[in-house]
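Let me begin by presenting the structure, written as structure tokens, before commenting on it.
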Amino acid sequence: MLEELTRDEAARCAGAQAASPGPDCMRAMFDLATCLTFNRIEPEQGLMRYRRLAEQGDTEAITAVGVVLLEGIGHDVDEVEGLQYVERASALGNAQAQYELAVMHYLGHPVEEDEEAAFLLFKAAAEQSHTSGLFMLAECFLDGIGCAVDLPRAVGLLHAAAERGHRMARQYVIEWLDEDTMVQRKEGKGGKEG
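Residue numbers for the sequence shown follow the working numbering, beginning at 135 and rising by one.
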């Protein structure tokens with residue numbers, strides 16, 4: 135049903151404003167491409183639609199083309215072209231692209247492992263309130279990855295990520311609260327254990 139609605143909306147947009155679609159039409163076309171690609175309905179069609187949007191400078195679409203190529207969704211993996219797209223979108227300031235590129239540097243695939251580059255890219259994504267960027271920047275501060283260990287900054291970032299629904303960040307916060315409660319109980323500040 136969602137696919138049909140999005141297809142209809144995208145068709146209206148393509149027919150009415152093919153030369154210069156407005157933001158609502160761009161969003162509808164992006165959503166359709168996402169539905170087709172990541173639900174593996176017609177990934178080739180989705181990639182084609184992403185590419186059209188990318189040609190118009192849509193940084194979300196530029197990022198999506200890169201991810202689709204890197205993951206080989208609906209076709210063979212193309213790390214060279216996929217990386218070029220993600221790097222381009224990252225340079226244009228797209229938070230998701232910055233996060234994706236940071237993960238690549240963090241893991242060392244398909245680029246060389248570079249903790250400092252990963253840290254800086256996670257930071258750039260986090261500065262745009264990218265939820266996973268916030269979490270990974272906190273991880274960097276917790277473990278000194280590409281930066282000095284900074285527990286107070288890590289806690290604030292984990293809280294921000296948890297507030298945005300990041301499950302692992304929530305888990306960290308819950309575990310820390312549980313540990314703090316146990317310490318207080320053992321010190322006689324919070325009542326009896328049990």
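From the three backbone atoms N, C-alpha and C, an ideal C-beta is built for every residue, glycine too.
Alpha-carbon to alpha-carbon, residue j and residue i
{"i": "Leu311", "j": "Val214", "result": "44 Å"}
{"i": "Thr193", "j": "Pro177", "result": "19 Å"}
{"i": "Gly200", "j": "Ala188", "result": "10 Å"}
{"i": "Pro244", "j": "Thr197", "result": "16 Å"}
{"i": "Leu204", "j": "Met238", "result": "11 Å"}
{"i": "Val202", "j": "Gly216", "result": "7 Å"}
{"i": "Asp165", "j": "Glu261", "result": "25 Å"}
{"i": "Gln305", "j": "Gly299", "result": "11 Å"}
{"i": "Ala288", "j": "Leu276", "result": "6 Å"}
{"i": "Glu285", "j": "Val307", "result": "It is Leu, not Glu, that sits at residue 285 in the sequence shown. For Leu285 and Val307, the distance between alpha carbons rounds to 13 Å."}
{"i": "Glu273", "j": "Cys147", "result": "42 Å"}
{"i": "Glu313", "j": "Arg319", "result": "10 Å"}
{"i": "Glu246", "j": "Met160", "result": "35 Å"}
{"i": "Glu249", "j": "Phe256", "result": "10 Å"}
Closest Cα partner of residue i within the set the options
{"i": "Ala195", "options": "Glu273, Ala223, Glu309 and Phe275", "result": "Ala223"}
{"i": "Ala296", "options": "Met270, Cys281, Ala229 and Phe172", "result": "Met270"}
{"i": "Leu254", "options": "Pro157, Cys159 and Tyr233", "result": "Tyr233"}
{"i": "Val211", "options": "Gln230, Tyr240 and Leu181", "result": "Leu181"}
{"i": "Gln218", "options": "Ile207, His209 and Leu235", "result": "Leu235"}
{"i": "Gly267", "options": "Leu241, Ala294, Glu221 and Ala282", "result": "Ala294"}
{"i": "Thr171", "options": "Gly290, Ala251 and Gly206", "result": "Gly206"}
Where residue i falls, given that 16 or more other Cβ within 10 Å makes a residue buried
{"i": "Arg183", "result": "buried"}
{"i": "Gly278", "result": "exposed"}
{"i": "Met316", "result": "exposed"}
{"i": "Ser263", "result": "exposed"}
{"i": "Pro157", "result": "exposed"}
Cβ-heavy atom distance, residue i to the ligand GTP, below 7 Å
{"i": "Gln262", "result": "By its list of ligands, the structure shown contains no ligand whatsoever, and the ligand GTP lies outside what it can speak to."}
Where residue i falls: helix, strand or coil (DSSP)
{"i": "Ile196", "result": "helix"}
{"i": "Cys274", "result": "helix"}
{"i": "Asp284", "result": "coil"}
{"i": "Glu137", "result": "Any reading at Glu137 needs caution, since the residue's pLDDT is 48, under 50, leaving its predicted position unreliable; the model's value is listed next. Helix."}
{"i": "Leu311", "result": "helix"}
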